[in-house]
Amino acid sequence: MSDLKTAALEYHALPRPGKISVELTKPTETARDLALAYSPGVAEPVREIAREPNLAYKYTSKGNLVGVITDGTAILGLGNLGPLASKPVMEGKGVLFKRFAGVDVFDIEVDAESPQAFIDTVRRISITFGGINLEDIKAPECFEIERALIEQCDIPVFHDDQHGTAIVTAAGMLNALEIAGKELATAKIVCLGSGAAAISCMRLLISLGAKVENIFMLDRKGVIHSGRDDLNQYKAAFAHDTDQHTLEQAMEGADVFVGLAGSNLLSADNLKRMAERPVVFACSNPDPEISPELAHATRSDIIMATGRSDYPNQVNNVLCFPFIFRGALDVRASRINEEMKIAVVHALRDLAKAPVLPEICAAYGLDTLEFGREYIIPKPLDPRLITLVPDAAAKAAIESGVASLPYPRNYPLQSVADVFK
3 MSDLKTAALE YHALPRPGKI SVELTKPTET ARDLALAYSP GVAEPVREIA REPNLAYKYT
63 SKGNLVGVIT DGTAILGLGN LGPLASKPVM EGKGVLFKRF AGVDVFDIEV DAESPQAFID
123 TVRRISITFG GINLEDIKAP ECFEIERALI EQCDIPVFHD DQHGTAIVTA AGMLNALEIA
183 GKELATAKIV CLGSGAAAIS CMRLLISLGA KVENIFMLDR KGVIHSGRDD LNQYKAAFAH
243 DTDQHTLEQA MEGADVFVGL AGSNLLSADN LKRMAERPVV FACSNPDPEI SPELAHATRS
303 DIIMATGRSD YPNQVNNVLC FPFIFRGALD VRASRINEEM KIAVVHALRD LAKAPVLPEI
363 CAAYGLDTLE FGREYIIPKP LDPRLITLVP DAAAKAAIES GVASLPYPRN YPLQSVADVF
423 K
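Numbering (the working numbering), first residue to last: 3 to 423.
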């Protein structure tokens, strides 16, 4: 661990501090270049944008620029360490946007004294960007912040901790249930955790067909049920009448366990209580709710995913957020809506079933890889993601009426099934 700490600190500090920089996209070699870049030439696009604001997309970087914005209240499993401490994570998000989808990023860390102050700040600077990715904001404030900014901004606003996790989880979950011979509509689901990611995961599963009465969500006080009077509005949406009030009770006969709470919270005894062919998504990092070694030793019939890259079936948000923004920016969507999220779920689900390219196997040190218990979610290095996932998001944006441009690529929109049939 000390070696990792040293390597990580050196990586961030050398040869120059940080992980991202601003690059020039136009020549600046001559006096004329500089006259065009700044005074007096810059006055011409200024006048055009003042005349027609949408021309900012033509004459500036707005259309390919996402703001990655946080208040630092829920940093990557480390908690509320403040906005400045969150900057390495926000820069890291910028690396992933650029590396996987060619999207430029400004990271913005806001020292806000209240959620409303954060909302006001982000709203005022939103015209800079083509989209906003909210990051590392604690629940329940994150729900109100996102809702308000979606209403007040005319560009996509997307809280990745909520929706990115939910989209990738849902794609893997549908595939896992298919392999297990089960249906989402009838599956008993136990969700350990009631924060932003947990609530959004369950909301999206409901949009895809899960029944709220089959979902047993737990917080620190146990199962969220209709007899409790200490629930905020977001938790209360999952409360129903049940006499199963503890994790032990909820796990009896459960088909699915989703862990978004903390390490080592699911015991072998509770895993044994689950139904045949259980599906377990233990997503806490760095240590999951139950280790894969213990889980597989306890249940030979398990299908398991974690948030870690060193085990099969990693629930990794990078499969979603760069590509859904790529699609949204390409058609200048005003928001990322439920239709776009569901389209991305199915694109990821279908890609996992497609033949795996040899170069992907080589990148992960594998001889072969195919759809099954240890491959229910695509790998982040799959080069087909940049085509298939933005296509799905863009097509859904167009069909749902939130896009203002036709799709710009010079080939027709495709589904995974079209590509591989």
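Note that beta-carbon positions come from the ideal geometry of N, C-alpha and C, so glycine has one too. Remember, predicted model here, so these are calculated numbers, not experimental data.
Taking 3 residues as the shortest admissible run, the segment 288-317 contains the following complete beta strand (DSSP E) segments, listed from N- to C-terminal end: 305-308. The continuous beta strand (DSSP E) containing glycine 133 extends over residues 133-136. Scanning its chain for C-beta atoms nearer than 6 Å, with the 5 sequence neighbours on each side dropped, one finds around leucine 176 the residues Arg351, in chain order. DSSP, reduced to helix, strand and coil, places methionine 204 within a helical segment of the structure shown. Take the alpha-carbon of valine 105 and the one of valine 320: they are about 13 Å apart.
A Cβ-Cβ separation of about 17 Å leaves valine 107 out of contact with aspartate 73 under the 8 Å criterion.
Rounded to whole angstroms, glutamate 278 and proline 158 show a C-alpha spacing of 41 Å. Counting other Cβ atoms within 10 Å of its Cβ, proline 280 reaches 16 or more and is therefore classed as buried. Cβ-Cβ distances below 8 Å link isoleucine 379 to Val170, Ala173, Gly174, Asn177, Ala307, Asn315, Gln316, Val317, Asn318, Leu321, Leu350, Ala354 in the same chain, with the five nearest sequence neighbours on each side left out; the list follows chain order.
For aspartate 106, the uninterrupted beta strand (DSSP E) segment begins and ends at 106-111. In this structure, the CA atom of arginine 101 is about 14 Å from the CA atom of asparagine 66. Separation of alanine 335 and phenylalanine 120 (C-alpha to C-alpha, rounded to the nearest whole angstrom) is 23 Å. Counting C-beta atoms within 10 angstroms of its own C-beta, tyrosine 377 has 16 or more neighbours from the protein chains shown and is therefore classed as buried.
Between glycine 329 and proline 392, the C-beta gap is smaller than 7 Å, which places the two residues in contact. Methionine 342 has no beta-bridge partner at all, per DSSP. Per DSSP, reduced to three states, the secondary structure at tyrosine 40 is coil, with no helix or strand assignment.
Straight-line measurement puts the Cα of methionine 219 at about 13 Å from the Cα of lysine 213.
Boundaries of the alpha helix (DSSP H) around alanine 182: 162-182. The segment 339-404 contains, as complete alpha helix (DSSP H) runs of 4+ residues, the segments 340-355, 360-365, 387-401 (chain order). Remark: C-beta atoms of histidine 227 and threonine 248 do not approach each other more closely than 7 Å. Secondary structure at phenylalanine 240: coil, using DSSP grouped into helix, strand and coil.
Counting only residues of its own chain and dropping the five nearest sequence neighbours on each side, glycine 264 has a CB closer than 6 Å to the CB of Ser286. Separation of proline 117 and leucine 368 (C-alpha to C-alpha, rounded to the nearest whole angstrom) is 46 Å. DSSP, reduced to helix, strand and coil, places glycine 20 outside both helices and strands of the structure shown, so it counts as coil. In the three-state DSSP reduction, methionine 92 falls in the helix class (H, G or I). Distance from the CA of arginine 125 to the CA of leucine 26, rounded to the nearest whole angstrom, comes to 27 Å. For threonine 248, the secondary structure class from DSSP, reduced to helix, strand or coil, is coil. Closest in alpha carbon position to lysine 274, among Asn266, Thr8, Thr300, is Thr300. Around glutamate 341, the same chain offers Ala398, Ser402 as residues with beta carbons nearer than 6 Å, after the five sequence neighbours per side are excluded. As DSSP reads the structure, leucine 220 sits in a beta bridge with Leu194, Val225. Glycine 81 is bridged by DSSP to Ile77. Counting of Cβ neighbours within 10 angstroms places alanine 15 among the exposed residues, the total staying below 16. Around leucine 210, the same chain offers Ala172, Leu176, Leu186, Ile344, Val347 as residues with beta carbons nearer than 8 Å, after the five sequence neighbours per side are excluded.
Per DSSP, reduced to three states, the secondary structure at alanine 212 is coil, with no helix or strand assignment. Taking leucine 179 as the centre and dropping the five residues before and after it, the same chain places the C-beta of Glu185, Leu186, Ala189, Asp257, Val258, Val281 closer than 8 Å to its C-beta, in chain order. With 16 or more neighbouring CB atoms inside 10 Å of its own CB, isoleucine 71 falls in the buried class.
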